[in-house]
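J.: Under numbering that gives the first Met the number 0, the residues of the sequence shown are numbered 0 to 281, in order.
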Amino acid sequence: MTTPDRNFFDARKLANQADERALLALDACLLAGRVLMTYWQELSSTDIREKGRGDLVTRADVESEATVSEFLLQHMPETGVVCEEGTAREGNGLVWYLDPLDGTTNFVQKFPVFAVSLGLAELRENAPPDLLCGVVYNPVSGELFWGAKNRGSYLNTDRLQVSQKSNFGDAVLATGFPRRHSEELSPYLKEFELIFRNCRAIRRAGAAALDLCWTAQGLFDGFWEHRLSPWDIAAGVVIVREAGGVCSDFAGEEKFLESGNILGAPEPIQKRIIELISQARR
């Protein structure tokens with residue numbers, strides 16, 4: 000495991016200058032990362048249960064969520080929290096979307112692609128939530144992605160920028176499979192085949208928050224997935240947008256937190272994916 004403590008110090012300083020709430024989210028994710036690494040080193044079968052078909056939860060998920068929720072309650076008690084394992088609370092119009100362990104199956108399999116994801120949004124009447132800041136942290140790799148609205152997005156202290164590719168045939172994309180929603184599998188496979196035949200390659204890592212961050216970094220040229228939850232994507236959306244990318248649902252609208260259908264990419268790639276998904280559904 001890498002230990003980029005100096006980078007964390009510098010990232011905290013930069014986040015504080017950008018948005019104090021981003022610094023708060025960053026600190027919360029670092030605390031949760033310590034919890035995850037404790038279980039990552041020694042995870043037993045008694046720490047794991049299945050809450051639904053293909054949907055695992057571990058003691059690491061639960062303890063990570065409690066750690067972040069308590070930290071946010073202490074420092075911003077007026078905000079709400081919406082999270083995966085059920086410790087939600089109402090707030091004053093500001094809400095945190097928390098995934099305490101994105102990539103649980105990877106975590107259980109000892110595949111080092113998982114993260115804590117935490118995004119802040121302001122709820123609005125008759126409009127999608129306004130996403131304000133987000134942090135995604137993989138404690139194994141030391142990748143600390145964060146961003147704040149109109150302040151840019153970063154990997155630790157390095158400014159992020161999405162890929163500059165415009166030729167879809169050169170694009171390397173990321174996706175995720177709708178395993179928990181079997182009714183989505185048939186239409187997904189149709190669009191997958193069409194997109195696959197038109198791009199260079201498709202990868203599937205198993206952690207949507209990191210897929211979005213790697214898109215912001217330019218490692219992927221775009222990412223799409225069906226039926227995710229708000230806590231899976233809120234933080235990553237901020238990070239992609241602040242890196243110059245576009246995030247939408249499959250109709251090009253901003254209803255992805257509601258539908259769970261998320262597409263993040265540089266604008267030319269995003270437009271082409273929308274066209275291909277529409278074509279696959281005819």
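We put the CB at the ideal spot given by N, CA and C, even for glycine. Computed from a prediction, not measured in an experiment: that's the story for all the values here.
Within a Cβ cutoff of 8 Å, which residues of the same chain sit near Arg280, ignoring the five residues on either side of it in sequence?
T.: Pro186, Lys189, Glu190
J.: Mind checking Arg240: buried by the 16 CB within 10 Å criterion, or exposed?
T.: buried
J.: Where does Phe222 fall in DSSP's three states?
T.: strand
J.: Taking its Cβ as the centre, do 16 or more other Cβ atoms sit within 10 Å of Gln163, making it buried, or is it exposed?
T.: By the Cβ-count criterion, Gln163 is exposed, with fewer than 16 other Cβ atoms from all chains shown falling within 10 Å of its own Cβ.
J.: Which residue's Cα is closest to the Cα of Ala170: Gly217, Tyr136, Gly32, Asp157?
T.: Gly217
J.: I believe Gly175 touches Glu224 by the beta-carbon criterion, under 8 Å. Please report the beta-carbon distance rounded to the nearest angstrom.
T.: Contact flag correct, Cβ pair sits at about 4 Å.
J.: Using alpha carbons as the reference points, say which of Leu13, Val115, Pro265 lies closest to Asp60.
T.: By alpha-carbon distance to Asp60, the top candidate from Leu13, Val115, Pro265 is Val115.
J.: From this set, Tyr153, Pro267, Val135, Gly243, which residue's C-alpha is nearest Ala234's C-alpha?
T.: Val135
J.: Can you list, in chain order, the residues of its chain with a C-beta nearer than 6 Å to that of Ala200? Leave out the 5 residues immediately preceding and following it.
T.: Val171
J.: Can you say whether Gly168 is buried or exposed, counting buried as having 16 or more other CB atoms within 10 angstroms of its CB?
T.: So Gly168 ends up on the exposed side.
J.: What first and last residue would you give for the beta strand (DSSP E) that runs through Arg123?
T.: 114–123
J.: Which residues bound the alpha helix (DSSP H) around Asn137?
T.: Asn137 -> not in any alpha helix (DSSP H); beta strand (DSSP E) instead, spanning 126–137.
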